[in-house]
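Numbering-wise (our numbering), the sequence shown opens with residue 20 and increments by one.
Cβ atoms here follow ideal geometry from the backbone N, Cα and C, with glycine treated the same way.
Predicted model only: the values in this text are computed from it and were never measured.
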Amino acid sequence: MGFDIQTDTLPHAFMGVLGGITFLLYGLDKMTSSFKALAGGKLKFILAKLTTNRFSSLCTGAGVTAIVQSSAATTVMVVGFISAKLVTLPQSLAVILGADIGTTLTVQLIAFRLSQYALIFIILGFLIKAISKSESMWNIGRVFMAIGMVFFGIFMISESMVILQNLDYVQDTLSHISNPLTGIIVGFAITALMQSSAAALAIVIAIADQGLLSISGAFYLILGCNMGTCLTAIIASTKSNQDGQRAAAAHAFFKFSGAFFFLVTYAVFKDHFLLGIGALDSNGANADAVTPRQIAHMHTIFNITLAVLFLPFINPIAEALTKIIKTKKPKWRLQAKYLDTFLLDTPGLALNAIRIETSLMSNRIKRILKNSCQIVLDGEIDQLNKLRNEEKNVDALYKQIVYYMTQLSSQNLTRDESRQLIWLMNSVNRLEIISDLIGEELYQIGQKRQKKGHEFNKTARNHILKIADASYKAFKYSTKAVESFEVELARNAKPVDKAEFKRTLDRAHKYLTKRLISNVTVEINDYSIETDIIDKYQRIFFHCRKITKDSLKLIEERAGKKPKKNLEAEIVDEILDANI
């Protein structure tokens, strides 16, 4: 038994249509976000592992999109993998073809007349959310509520059309949809406005449910809706890198050329085509009227046909796109490779991109830190300039990473994603400080040593080299979590003992002080330069310890544990660090 909504007046009918569209769009959006939250980060690894060839890529794209119910989300993940060199461009195009097939599941679901169960889905979803204690069950509740809202929205649109169908201009518009150009333009416009082909086709299904659409009109609307779904990706790709633009261009090429192919086929074989469409649903043999099931089947057939047509020619298409959309010269001194705006809508992927860039940044710093002491002690001007230049490269990366993180922070992040973002932000900031200590402050000390022609005492040199080596080892340990892409691996690296580092410092300072006392007038300049160098490496060691602490704190938070140290112990530890 169903339910009824009275729309006796024209204003109520219009409100019913608009209200139904609102429920529909909101429900589809929440259904997609809930499915993505349920799937977590597993889909990223599925996409990366199961895209070894064009056929597995096609099936993987279809399967992943059937789960998350968003071809846009799948495309975003694929663009991220192209940037990370995990998949090739031809493989990604096969995934996009598969994603178009996977997204037809939504329309197939909508085509079933389940409106009478809409409120049951909403109530059931609310109850699951209310009593659930786990985040996964909470998201399952959201999925049920979203499905109920989708069906309720379609019901409101369908019921409201009962009044609107009697209006002359509504009848006139629907009659003109049987014209190919008008039907395609209307379908394209609806999809472009709603930024969802599933939502646009849901409205088409609601109209068809009232017997207001002909088979030809529905066919042209489906073509227009499929073409319109490219617009969002094209607009988003203008701010993306070349890989994102190629993926968006390929998607548009598939849809537009596919629509042209179907138009020509329909014009040549119209009678056979109509007979075939009529046979798609045994309940739809009503003259020229089209049923929701027929619409869903036509949409599915369109996207499966595209895969059959274009899959054999994926490689030539990829080569052509690479030639047409050429790689641009970077704006920055050093351009970040993986920070694609396409990924911001999928925070898990965006965090991975930030981590990759942070890893590259830490590797650059590691290389200059390893040789920095020898260069500062003995290096020529050109070697010192290399330290300075590399610091500028790190600074360029740092600015891009921070800007990208501020963009990501405005997204709807889960608690764990927020923790990871804060951890990465702290790590990046400390890495930048370490880079400045090497490329600015140690660089200036090296220049000062060059100008004065200072030569280091052998014993003093050995003390400084030991401190620099300990700082380098501490850096390697502290950045293990970022570079390995697994925070837990920070536990497995061998740390530099803080007490041992303090003893190394004490021995160095005792020697330098003793030497200074023995001959103040001769040794004062040497003492100043040598203690300056030690101070910079001491500060580097301090920031490395902070990075390590942040990593281990993140481990405990993700495991649901409370910090082991109380506030008093933490303050004592801060004082000890300050006195190293």
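Which term fits S111, buried or exposed, when burial requires 16 or more other beta carbons within 10 angstroms of its beta carbon? Under this definition S111 is a buried residue.
Taking the straight line between their C-alpha atoms, what separation do you get for I40 and N448? Taken atom to atom, the span from the alpha-carbon of I40 to that of N448 is near 45 Å.
What's the gap between the Cα of E436 and the Cα of S53? Near 15 Å, if we compare the C-alpha coordinates of S53 and E436.
Sorted by chain position, which residues of the same chain lie with C-beta nearer than 6 Å to F140's C-beta, five sequence neighbours on each side aside? The answer, listed in chain order, is F163, I166 and G167.
In chain order, what residues of the same chain lie with their CB nearer than 6 Å to the CB of N158, ignoring the 5 residues before and after it? Scanning its chain for C-beta atoms nearer than 6 Å, with the 5 sequence neighbours on each side dropped, one finds around N158 the residues S53, A56 and L57, in chain order.
Segment limits, alpha helix (DSSP H) that includes Y136: From DSSP, Y136 is part of no alpha helix (DSSP H); its letter is neither H nor E.
I375 versus Y357: straight-line alpha-carbon distance, rounded: C-alpha separation (whole angstroms): 7 Å.
Between the stretch 234 to 245 and the stretch 287 to 299, do at least 3 Cβ pairs fall closer than 8 Å? Inter-segment contact for the stretch 234 to 245 and the stretch 287 to 299 is present: three or more beta-carbon pairs are separated by less than 8 Å.
Reduced DSSP category for S233 - H, G, I as helix; E, B as strand; rest coil: It is a strand residue.
What first and last residue would you give for the alpha helix (DSSP H) that runs through D488? Under the DSSP assignment, D488 falls in the alpha helix (DSSP H) whose first and last residues are K477 to S497.
DSSP three-state label for Q214, please. The answer is coil: DSSP assigns Q214 none of H, G, I, E or B.
Based on Cα-Cα distance, which residue from F42, L340 and D545 lies nearest to A173? Checking the sequence shown, residue 173 turns out to be Ile, not Ala. If we check each option's Cα against that of I173, F42 comes out closest.
Determine whether the beta carbon atoms of L406 and Y462 lie at a separation below 8 Å. A Cβ-Cβ contact shorter than 8 Å links L406 with Y462.
Of the choices G297, H270 and L242, whose alpha-carbon is the least far from that of L321? Note that residue 321 is Phe in the sequence shown here, rather than Leu. The candidate whose alpha carbon is nearest that of F321 is L242.
Distance, I464 Cα to T478 Cα: Cα to Cα, T478 sits roughly 19 Å from I464.
Take K274 as the anchor and find which of A252, I553, R434 and K389 has the nearest alpha-carbon. If we check each option's Cα against that of K274, A252 comes out closest.
Three-state secondary structure (DSSP) at F163? For F163, the three-state secondary structure derived from DSSP is helix.
C-alpha gap between Q354 and V114, whole angstroms: Counting only the Cα atoms, V114 lies some 27 Å from Q354.
Pop quiz: L116 and F329 are said to be a contact at Cβ under 8 Å. What is the actual Cβ separation, rounded to whole angstroms? Between F329 and L116 the Cβ distance is about 6 Å, and since that is below 8 Å, they are a contact.
Rounded C-alpha distance that separates M380 from R386: Going from the Cα of M380 to the Cα of R386 covers about 10 Å.
What number of angstroms, rounded off, separates the C-alpha of V263 from the C-alpha of F361? Correcting the residue type first, residue 263 is Gly in the shown sequence and not Val. Between G263 and F361, the C-alpha separation is close to 7 Å.
My guess is that S90 and G121 are in contact by the Cβ rule of under 8 Å, so how many angstroms apart are they, rounded? That belief holds up - the Cβ atoms of S90 and G121 are roughly 7 Å apart, short of 8 Å.
May I ask you to report which of helix, strand or coil DSSP gives Y14? With the chain covering only 20 through 599, there is no way to say anything about residue 14.
How would you call N481, buried or exposed, if buried means at least 16 neighbouring beta carbons within 10 angstroms? By the neighbour-count rule (16 or more Cβ atoms within 10 Å), N481 is not buried but exposed.
Do P366 and L432 have their C-beta atoms within less than 8 Å of each other? Yes. Within cutoff.
Buried or exposed: Y422, going by 16 or more other Cβ atoms within 10 Å of its Cβ? With fewer than 16 other Cβ atoms within 10 Å, it is exposed.
Go to T284, then tell me how far its alpha helix (DSSP H) extends in each direction, as first and last residue. Annotation: the continuous alpha helix (DSSP H) that includes T284 extends over Q261 to V287.
Apart from the five residues on each side of it in sequence, which residues of its chain come closer than 7 Å, Cβ to Cβ, to V205? Excluding its 5 nearest sequence neighbours in each direction, V205 has C-beta neighbours in its own chain below 7 Å: I196, L240 and G243, listed in chain order.
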